[in-house]
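Participant: My structure is below; once you've seen it, I'll send some questions.
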Ligand SMILES: Nc1ncnc2c1ncn2[C@@H]1O[C@H](COP(=O)(O)OP(=O)(O)OP(=O)(O)O)[C@@H](O)[C@H]1O
Ligand SMILES: [Mg+2]
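Numbering (our numbering), first residue to last: 699 to 924.
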């Protein structure tokens, strides 16, 4: 589902962030991405989310090499991805509900069906946002905005979830509400890659991890020790 082959990345005038990174994820995998601040977690996730190209090497998603896909295939690939960026990027002058609904209209649903509206309401309820649904995104706290960004990514039931420190602004209760949603999506067949600094999550929910250090990624097949 995700394959990186000899991926290197550096930004203009800087030293390499990645040096020939190789790894694969299969359907239904759940993988933590761990590494110190500045190790390159967000850069790696941006590349997998098709937002940035590697400087050299290949990334394939769903069997398509990103360097040679057509525009329409790339759009289809993006619709199968739920990406939660570290910088949350809601649309500030839309309501909470409309920020989530927009994710569905961008994937082709022009008039929201009753079941889609129910799905949005369910996600907002699970994430303690029911009283905020008609509030403009600009008025939310950082943690609330982060939960809306998760709802927006999950509402389309993506096959691949790319989550960049999605619990970084949450208290313990909401951290576990969010983890519960990621784990349910994973049980439903979605592959999940989740960058985190939260050792408690990694210790309590035992999964594999990719460790990012000095430009290299090591995949630990056993449960992550972090
Ligand atoms: N657009 C950019 N231009 C130049 N350098 C960049 C750019 N984006 C990231 N970097 C550099 O790449 C390195 C990795 O950054 P990245 O944000 O991927 O780290 P991270 O592991 O996500 O860190 P954190 O845990 O703090 O979120 C850093 O040294 C950063 O300064
Ligand atoms: Mg980051």
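Backbone N, C-alpha and C define an ideal beta-carbon position, used for all residues, glycine too.
Out of 921, 919 and 892, which one is the CA nearest neighbour of residue 739?
Facilitator: Selected option, being the one with the closest Cα: 892.
Participant: Identify whether residue 711 lies in helix, strand or coil by the three-state DSSP scheme.
Facilitator: coil
Participant: At the level of alpha carbons, what is the spacing between residue 700 and residue 830?
Facilitator: 35 Å
Participant: Do you know how far the Cα of residue 812 is from the Cα of residue 875?
Facilitator: 24 Å
Participant: Any heavy atom of ligand 2 closer than 7 Å to the CB of residue 749?
Facilitator: no
Participant: For residue 772, which residues in the same chain have their Cβ closer than 7 Å to its Cβ, ignoring the five residues on either side in sequence?
Facilitator: 748
Participant: Specify whether the segment 860-870 and the segment 789-800 touch according to this definition: at least 3 beta carbon pairs, one from each stretch, less than 8 Å apart.
Facilitator: No: fewer than three Cβ pairs fall under 8 Å.
Participant: Tell me which same chain residues have a C-beta within less than 7 Å of the C-beta of residue 723, skipping the five on either side of it?
Facilitator: So the qualifying residues of the chain are 699, 700, 729, 889 and 891.
Participant: Is it the case that the CB of residue 706 approaches a heavy atom of ligand 1 more closely than 7 Å?
Facilitator: no
Participant: Cβ of residue 911 within 7 Å of any heavy atom in ligand 2?
Facilitator: At a threshold of 7 Å, residue 911 does not count as near ligand 2, since its beta carbon sits no closer than that to any of the ligand's heavy atoms.
Participant: Just jot down, in chain order, the residues whose CB lies closer than 6 Å to any heavy atom of ligand 1.
Facilitator: Residues flagged by the Cβ proximity filter: 709, 712, 715, 733, 735, 736, 737, 738, 739, 740, 741 and 784.
Participant: Just the Cα atoms here: how many angstroms apart are residue 910 and residue 809?
Facilitator: Looking at the two C-alpha atoms, the distance is approximately 42 Å.
Participant: Once you ignore the five residues that flank residue 919 on each side, which residues in its own chain have a CB closer than 8 Å to its CB?
Facilitator: For residue 919, same chain residues with a beta-carbon under 8 Å away, outside a window of 5 residues either side, are 906 in chain order.
Participant: Is the beta carbon of residue 862 within less than 7 Å of some heavy atom of ligand 2?
Facilitator: yes
Participant: Between which two residues does the alpha helix (DSSP H) holding residue 846 run?
Facilitator: Looking at the DSSP string, the run of the alpha helix (DSSP H) that includes residue 846 is 840-852.
Participant: For the alpha helix (DSSP H) containing residue 923, name the first residue and the last one.
Facilitator: Counting along the chain, residue 923 falls outside any alpha helix (DSSP H), and DSSP gives it neither H nor E.
Participant: May I ask which residues mark the beginning and end of the beta strand (DSSP E) holding residue 916?
Facilitator: From DSSP, the beta strand (DSSP E) with residue 916 extends over 914-918.
Participant: Distance check for residue 820 and residue 828, CA to CA, integer angstroms please.
Facilitator: 9 Å
Participant: For the candidate residues 758, 852 and 822, whose alpha-carbon lies nearest to that of residue 775?
Facilitator: 758
Participant: Span of the beta strand (DSSP E) holding residue 809?
Facilitator: From DSSP, residue 809 is part of no beta strand (DSSP E); its letter is neither H nor E.
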